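Below is one structure, written out as structure tokens, with a few remarks after it.
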Amino acid sequence: MAEDQPKIIVDEDWKEKVKREKEEAAKKAQETPAADALEPDSPAAAPDAEAQNEGKQPTPFQGLVQFLAAQGLMTLGVIAPRETKEVYIDLDGAEYYISVLVMLKEKTQGNLTPEETGSLREVTAELQRLYALRVQEYHEHMMKQAAQDPSSPQNPG
Numbered sequence: 001m002a003e004d005q006p007k008i009i010v011d012e013d014w015k016e017k018v019k020r021e022k023e024e025a026a027k028k029a030q031e032t033p034a035a036d037a038l039e040p041d042s043p044a045a046a047p048d049a050e051a052q053n054e055g056k057q058p059t060p061f062q063g064l065v066q067f068l069a070a071q072g073l074m075t076l077g078v079i080a081p082r083e084t085k086e087v088y089i090d091l092d093g094a095e096y097y098i099s100v101l102v103m104l105k106e107k108t109q110g111n112l113t114p115e116e117t118g119s120l121r122e123v124t125a126e127l128q129r130l131y132a133l134r135v136q137e138y139h140e141h142m143m144k145q146a147a148q149d150p151s152s153p154q155n156p157g
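Residue numbers (the numbering used here): 1 to 157.
What follows is the structure, encoded as structure tokens:
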């Protein structure tokens, strides 16, 4: 019966490995302050500044814009909601989110950082482009459907 039971192997060596990695990280952290003494405009300091910008959290305004953009993308059928794998298209909903972003752009004009302004402009333009594409696809679909079914209510004939 002892042969039927799985053999359990305990790897104690991982603890030592983690300890070594922590010590190495601490040494690197101690060496880093010397690099911070560099002038901010020097080329050697530039990679650190880029790394800090990459780790930045979006501002609350950028978070709002991202939220509205995600909702707009869902209503355009570009992405599916988390709880479902189905994609649906709601042109009225998409139009609403686009109009909210346009209104937000108008109401906050002159009060945003250049990054926030650029982000808002790009998101709005992309949603408008996708909306126009979906409307065109919808009209093409309706035209094909009307041509296949002459008795449909869309065809006044």
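Idealized CB from N, CA, C, for every residue including glycine.
Owing to the predicted nature of the structure, the values given are computational and were not obtained by experimental measurement.
Helix, strand or coil at residue 98 according to DSSP, with G and I counted as helix: helix
Just verifying my parser: in three-state terms, what is the DSSP assignment at residue 87? coil
So residue 120 packs on residue 107, CB below 8 angstroms; how close in whole Å? About 11 angstroms separates the Cβ atoms of residue 120 and residue 107, ruling out a contact at the 8 angstroms cut-off.
Using DSSP with H/G/I as helix, E/B as strand and the rest coil, what is residue 60? Residue 60 falls in the helix class under three-state DSSP.
So, residue 117 versus residue 98, is the Cβ gap smaller than 8 angstroms? no
For residue 89, which residues in the same chain have their Cβ closer than 8 angstroms to its Cβ, ignoring the five residues on either side in sequence? 75, 76, 77, 134 and 138
What residue range does the alpha helix (DSSP H) around residue 128 cover? First-last of the alpha helix (DSSP H) with residue 128: 114 to 148.
Report the three-state DSSP secondary structure of residue 69 (helix, strand or coil). helix
Going by other Cβ atoms of all chains shown within 10 Å of its Cβ, with 16 needed for buried, is residue 132 buried or exposed? Residue 132 is classed as exposed because its beta carbon has fewer than 16 other beta carbons within 10 Å across all chains shown.
Roughly how many whole angstroms lie between the Cα atoms of residue 205 and residue 102? Residue numbering for the chain in the displayed model covers 1 to 157; residue 205 lies beyond these limits and cannot be assessed.
Where residue 65 falls, given that 16 or more other Cβ within 10 Å makes a residue buried: Its Cβ being crowded by 16 or more others within 10 Å, residue 65 is buried.
Would you check if the distance between the CB atom of residue 127 and the CB atom of residue 72 is smaller than 8 angstroms? yes
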